[in-house]
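Residue numbers (my numbering): 626 to 987.
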Amino acid sequence: MRRVAVPTARPYDVLIGRDLLDELPALLGDGVQRVAVVYSPPLRATAERLRARLTGEGYEPYLLDVPDAEDAKRAEVAASCWSALGSSGFTRSDAVVGLGGGATTDLAGFVAATWLRGVRIVQVPTTLLGMVDAAVGGKTGINTAEGKNLVGSFHEPAGVLCDLDALETLPPGEMAGGLAEVVKCGFISDPGILDLVGSDAEKAADPSGVVVGELVERAVRVKAGVVAGDLTERTSSGGRVGREVLNYGHTFGHAIERVERYRWRHGSAVAVGMVYVAALSRLAGRLDAATADRHRAVLERIGLPTTYAGGAWDSLHSAMRVDKKARGDRLRFVVLDALAEPAILEGPDEGLLEAAYAEVAR
Ligand code: GLY
Numbered sequence: 626m627r628r629v630a631v632p633t634a635r636p637y638d639v640l641i642g643r644d645l646l647d648e649l650p651a652l653l654g655d656g657v658q659r660v661a662v663v664y665s666p667p668l669r670a671t672a673e674r675l676r677a678r679l680t681g682e683g684y685e686p687y688l689l690d691v692p693d694a695e696d697a698k699r700a701e702v703a704a705s706c707w708s709a710l711g712s713s714g715f716t717r718s719d720a721v722v723g724l725g726g727g728a729t730t731d732l733a734g735f736v737a738a739t740w741l742r743g744v745r746i747v748q749v750p751t752t753l754l755g756m757v758d759a760a761v762g763g764k765t766g767i768n769t770a771e772g773k774n775l776v777g778s779f780h781e782p783a784g785v786l787c788d789l790d791a792l793e794t795l796p797p798g799e800m801a802g803g804l805a806e807v808v809k810c811g812f813i814s815d816p817g818i819l820d821l822v823g824s825d826a827e828k829a830a831d832p833s834g835v836v837v838g839e840l841v842e843r844a845v846r847v848k849a850g851v852v853a854g855d856l857t858e859r860t861s862s863g864g865r866v867g868r869e870v871l872n873y874g875h876t877f878g879h880a881i882e883r884v885e886r887y888r889w890r891h892g893s894a895v896a897v898g899m900v901y902v903a904a905l906s907r908l909a910g911r912l913d914a915a916t917a918d919r920h921r922a923v924l925e926r927i928g929l930p931t932t933y934a935g936g937a938w939d940s941l942h943s944a945m946r947v948d949k950k951a952r953g954d955r956l957r958f959v960v961l962d963a964l965a966e967p968a969i970l971e972g973p974d975e976g977l978l979e980a981a982y983a984e985v986a987r
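Shown next, in the form of structure tokens:
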């Protein structure tokens, strides 16, 4: 089993390995009696296994099933969870478990953050994206009619359990989508990830193989280091880039998701977004051509898109303006000055933005 410590003010561990569900009680900590397992319907069998394990250890488990994927991140669903916690007499010393992909763990985290102003949560992500991004770092939230993740809070988990066996039943495309965030960690901080993915992409994308554990560990280490320095995303200043660095490739990626009405997979949009921002970094005279080209090469090897055929620069440009990271009228990008040397580029020239677009438009 691999273990990554997340050294924030309330430190916790991320456990990575196979057949790990039995480790859950150890992460729940002392004094917990009731455990609400929030899960999506495809994970019913795993939720039942957790229930049996928790009952055997003397806990009082409750299973709360919530709609699958993004449908879970609605105020009505959070309200139904609050109601279930209320009727089971859930107290401040009880705990929530989030079992599922990024949407389920975001919702479960939000419910835990808000019930009695915050109860303990252990996240059990079951997708690669969830393991390397959503479940680590304490961002929780739900969507509203006005946009995604507009309501939420920072609420760190007491522990995260990444059981790699869960990856073996993911639908096709999910592994590649998650690998986009892993590759992002390679470009912003750990080039060893790029070597691993670049040398044998098939092995990297094999959920039952040996490389996936190392990739998850490396990506989680990158995220742990970032959130330990800036949990609440406030400290990009001077030459230092805070948690915002995790948004590498996301400004353009979010714009594609918005323009495509969220029919694009997040990882695919971020892949094109990284190629876009690498081109922007190069055109701004900051990044060398070889490192910019490496983005396309690595992402193509894992089967992710690196171009966008929408042909709608105006809509993409306006969608970038409503990005949560924009400040007033000025667009902000995380760019690279070199491999693993991220920086902020604020208010770039319109001509540069469009020239970078020409490099990803098909
Ligand atoms: N997903 C980006 C972050 O956790 O900050």
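Note that the Cβ used here is the ideal one computed from N, Cα and C, for glycine as well. Source: prediction; values computed, not measured.
### Message
If I measure Cβ to Cβ from Leu977 and keep anything under 8 Å in the same chain, skipping five residues before and after, which residues do I get?
### Response
The residue given as residue 977 occupies position 352 in the sequence shown. A distance below 8 Å between beta-carbons, with the five flanking residues on each side excluded, links Leu977 to the following residues of its chain, in chain order: Leu905, Leu908, Ala909.
### Query
Taking Arg804 as the reference, which of Leu753, Val631, Leu956 has the closest Cα?
On the sequence shown, residue 804 is found 179 positions in, with the first residue counted as 1. Residue identity check: residue 804 is Leu in the sequence provided, not Arg. The option with the nearest alpha carbon to Leu804 is Leu753.
### Task
Could you tell me whether the region 778-795 touches the region 821-841, using the rule of 3 or more Cβ pairs below 8 Å?
Per the Cβ contact rule, the region 778-795 is in contact with the region 821-841 (3 or more Cβ pairs under 8 Å).
### Query
Short check: CB of Thr876 to CB of Phe958, under 8 Å?
Translated into positions along the sequence shown, residue 876 becomes position 251. Translated into positions along the sequence shown, residue 958 becomes position 333. Yes, the Cβ-Cβ distance between Thr876 and Phe958 is below 8 Å.
### Task
Along the alpha helix (DSSP H) that carries Val846, what are the first and last residues, could you check?
Counted from its first residue, the sequence shown places residue 846 at position 221. One point to set straight first is that residue 846 is Arg, not Val, in the sequence displayed. Run containing Arg846: 836-854, per the alpha helix (DSSP H) assignment.
### Task
Go to Ala963, then tell me how far its beta strand (DSSP E) extends in each direction, as first and last residue.
Taking the sequence shown and counting its residues from 1, one reaches residue 963 at position 338. Per DSSP, Ala963 belongs to the beta strand (DSSP E) from 957-963.
### Message
Three Cβ pairs or more, each shorter than 8 Å: is that satisfied between the region 682-691 and the region 657-673?
### Response
Because the criterion of three Cβ pairs below 8 Å is met, the region 682-691 and the region 657-673 touch.
### Query
What residue does the alpha helix (DSSP H) around Glu984 start on, and which one ends it?
Taking the sequence shown and counting its residues from 1, one reaches residue 984 at position 359. 975-985 is the span of the alpha helix (DSSP H), which, as asked, contains Glu984.
#### Entry: Bridge partners - Leu646, DSSP secondary structure assignment
In the sequence shown, residue 646 corresponds to position 21, counting from 1. Per DSSP, Leu646 has no beta bridge partner at all.
### Query
How would the residue list near the ligand GLY read, in chain order, if you kept each one whose beta-carbon is closer than 6 Å to any heavy atom?
Residues with a Cβ closer than 6 Å to any heavy atom of the ligand GLY, in chain order: Asp758, Gly762, Lys764, Arg868, Leu871.
### Task
Give me the Cα-Cα distance between Gly963 and Ala672, rounded to the nearest whole angstrom.
Translated into positions along the sequence shown, residue 963 becomes position 338. Translated into positions along the sequence shown, residue 672 becomes position 47. According to the sequence displayed, residue 963 carries Ala and not Gly. Those two C-alpha atoms are separated by around 44 Å.
### Message
I'd like the list of long-range same chain contacts for Leu679, defined as Cβ closer than 6 Å, with 5 residues on each side in sequence excluded.
### Response
The residue given as residue 679 occupies position 54 in the sequence shown. Correct list, in chain order: Val660, Pro686.
### Message
Let's test the definition: count the other Cβ atoms within 10 Å of the Cβ of Arg717 and tell me whether it reaches 16, buried, or not, exposed.
### Response
Looking up residue 717 in the sequence shown gives position 92. Around the C-beta of Arg717, fewer than 16 other C-beta atoms lie within 10 Å, and the residue is accordingly described as exposed.
#### Entry: Bounding residues of the beta strand (DSSP E) (the contiguous stretch that carries Gly772)
Here residue 772 corresponds to residue number 147 of the sequence shown, with the count starting at 1. First-last of the beta strand (DSSP E) with Gly772: 772-779.
### Query
When DSSP labels each residue in this structure, what does Tyr901 get in the three-state scheme?
Working through the sequence shown from its first residue, we reach residue 901 at position 276. Three-state result, Tyr901: helix.
### Task
Report the residue from Ala915, Ser893, Gly892 whose alpha carbon sits nearest the alpha carbon of Ala903.
As a working mapping, residue 903 is identified with position 278 in the sequence shown. Answer by Cα proximity: Ala915.
### Task
Within the same chain, show all residues whose beta-carbon is closer than 8 Å to that of Trp889, passing over the 5 residues directly before and after it, in chain order.
Here the question's residue 889 lines up with position 264 in the sequence shown. Counting only Cβ-Cβ distances below 8 Å, and skipping sequence neighbours, we find Ile881, Glu882.
#### Entry: Burial state of Val835, where buried means 16 or more other Cβ atoms lie within 10 Å
The count along the sequence shown starts at 1 and reaches residue 835 at position 210. Residue environment analysis places Val835 among the exposed positions, since fewer than 16 neighbouring C-beta atoms fall within 10 angstroms of its C-beta.
### Task
Starting from the C-beta of Gly972, find all residues in its chain whose C-beta is less than 7 Å away, skip the five residues before and the five after it, and write them out in chain order.
Counting from 1 along the sequence shown, the entry for residue 972 is found at position 347. Beyond the five residues adjoining it in sequence on each side, Gly972 comes within less than 7 Å, by CB distance, of Arg955, Leu956 in the same chain, given in chain order.
#### Entry: Beta-carbon contacts of Val785 that lie in its chain and below 6 Å, excluding the five residues immediately before and after
Indexing the sequence shown from 1 puts residue 785 at position 160. Cβ within range, chain order: Val639, Gln748, Ala760, Val761.
### Task
Give a yes or no on whether the C-beta atoms belonging to Ala965 and Val884 are separated by under 8 Å.
The residue labelled residue 965 in the question sits at position 340 within the sequence shown. The residue labelled residue 884 in the question sits at position 259 within the sequence shown. For the pair Ala965 and Val884, the CB atoms are not nearer than the 8 Å cut-off.
### Message
Quick check on the DSSP output: the beta strand (DSSP E) that includes Ala917 runs from which residue to which?
### Response
Stepping through the sequence shown from its first residue, residue 917 is reached at position 292. Segment 914-926 is the alpha helix (DSSP H) holding Ala917; no beta strand (DSSP E) there.
#### Entry: Residue span of the beta strand (DSSP E) that contains Val760, given as start and end
Stepping through the sequence shown from its first residue, residue 760 is reached at position 135. Checking the sequence, you will find Ala at residue 760 rather than Val. Per DSSP, Ala760 belongs to no beta strand (DSSP E) and is neither H nor E.
#### Entry: Separation of Tyr982 from Glu799, as counted between CA atoms
Against the sequence shown, residue 799 aligns to sequence position 174. Against the sequence shown, residue 982 aligns to sequence position 357. So the two alpha carbons sit approximately 26 Å from each other.
#### Entry: Separation of Phe715 from Pro796, as counted between CA atoms
What you label residue 796 is simply residue 171 of the sequence shown in a count that begins at 1. What you label residue 715 is simply residue 90 of the sequence shown in a count that begins at 1. Each residue's alpha carbon lies about 35 Å from the other.
### Task
Measure the CB-CB distance between Pro782 and Gly763 and report whether it falls below 8 Å.
Residue mapping note: residue 782 aligns to position 157 of the sequence shown, counting from 1. Residue mapping note: residue 763 aligns to position 138 of the sequence shown, counting from 1. Cβ atoms of Pro782 and Gly763: closer than 8 Å.
### Query
What residue range is occupied by the uninterrupted beta strand (DSSP E) comprising Ala661?
Taking the first residue of the sequence shown as position 1, residue 661 is located at position 36. Bounds of the beta strand (DSSP E) holding Ala661 are 659-664.
### Query
At what residue ranges does the region 680-722 contain a whole run of the alpha helix (DSSP H), taking only runs of 4 or more?
The DSSP assignment places 700-712 as complete runs of the alpha helix (DSSP H) inside the region 680-722, in order along the chain (cut-off: 4 residues).
### Message
I'd like to check one pair, Ile746 with Gly723: are the Cβ atoms closer than 8 Å?
### Response
In the sequence shown, the residue the question calls residue 723 occupies position 98. In the sequence shown, the residue the question calls residue 746 occupies position 121. The answer is yes: Cβ separation under 8 Å.
### 8 Å CB neighbourhood of Ala634 in its chain, flanking five on each side removed
Taking the first residue of the sequence shown as 1, we reach residue 634 at position 9. The answer, listed in chain order, is Leu856.
### Query
Going by Cα to Cα distance, which pick from Pro667, Arg676, Gly711, Ala677 is closest to Val691?
Position 66 of the sequence shown, counting from 1, holds the residue named residue 691. When only C-alpha atoms are compared, the closest one is Pro667.
### Query
Where does the unbroken beta strand (DSSP E) through Asp825 begin, and where does it stop?
Here residue 825 is taken as the residue at index 200 of the sequence shown, counted from 1. Element bounds for Asp825: n/a, residue is neither H nor E.
### Query
Around the Cβ of Ser665, are there at least 16 other Cβ atoms within 10 angstroms (buried) or fewer (exposed)?
For the purposes of this step, residue 665 is taken as the residue at position 40 of the sequence shown. So Ser665 ends up on the buried side.
### Limits of the unbroken alpha helix (DSSP H) element including Glu793
The residue labelled residue 793 in the question sits at position 168 within the sequence shown. Counting along the chain, no alpha helix (DSSP H) covers Glu793, and no H or E run does either.
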